[in-house]
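Chemist: One structure is given below, represented as structure tokens, and several questions about it will come after.
Numbering (the numbering used here), first residue to last: 3 to 108.
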């Protein structure tokens, strides 16, 4: 299963209401580091599909949730478990570091 797009309208049901952890990648089309980590997140999404869902939210098209959460810099990865943010990572990193961080906070 690859990453899935979430919006302000679908965030509550698809992220907060999910029965498994959801990692949300807050990104924008103009963000170079966001584009750098996108392929790694797609691969990690496939590799860890049984453990979590990776969702992507474009902060330019969806301003409500990023505003509520306080997103000030991107890329910002926020892990939600049981409807609550439990960990976050700011900035780009190589796939091995991203995957290691995700596995450490799951």
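No residue lacks a Cβ here, since even glycine has one placed at the ideal position from N, Cα and C.
Considering only their Cβ atoms, is the gap separating residue 77 from residue 1 smaller than 7 Å?
Modeler: Beyond the ends of the chain as shown, which are 3 and 108, falls residue 1; an answer cannot be given.
Chemist: Taking a contact to mean a Cβ-Cβ separation below 7 Å, would you say residue 82 touches residue 17 in this structure?
Modeler: Yes, these two residues count as a Cβ contact at 7 Å.
Chemist: Could you give the residue range of the alpha helix (DSSP H) that holds residue 22?
Modeler: From DSSP, residue 22 is part of no alpha helix (DSSP H); its letter is neither H nor E.
Chemist: For the pair the segment 50-59 and the segment 87-99, tell me if three or more CB-CB distances fall below 8 Å.
Modeler: Cβ pair count under 8 Å is below three, so no.
Chemist: Rounded to the nearest angstrom, how far is the Cβ of residue 101 from that of residue 46, given a contact under 8 Å?
Modeler: Going by Cβ atoms, the distance from residue 101 to residue 46 rounds to 5 Å, so yes, they are a contact pair.
Chemist: CB-CB under 8 Å to residue 49, same chain, minus the five flanking residues each way: which ones, in chain order?
Modeler: Answer for residue 49: 101, listed in chain order.
Chemist: Return the first residue and the last residue of the beta strand (DSSP E) that residue 59 is part of.
Modeler: First-last of the beta strand (DSSP E) with residue 59: 55-60.
Chemist: The alpha helix (DSSP H) that contains residue 41, what's its start and end?
Modeler: Where residue 41 is concerned, the enclosing alpha helix (DSSP H) stretches over 34-49.
Chemist: Go through its chain and collect everything with a Cβ distance to residue 22's Cβ below 8 Å, but skip five positions before and after it.
Modeler: Once the five neighbours on either side are set aside, the close Cβ partners of residue 22 are 53, 54 and 55.
Chemist: Kindly indicate which three-state DSSP category residue 108 falls into: helix, strand or coil?
Modeler: Correct three-state label for residue 108: coil.
Chemist: Please state the DSSP three-state secondary structure of residue 7.
Modeler: In the structure shown, residue 7 sits in a strand (DSSP, three-state: E or B).
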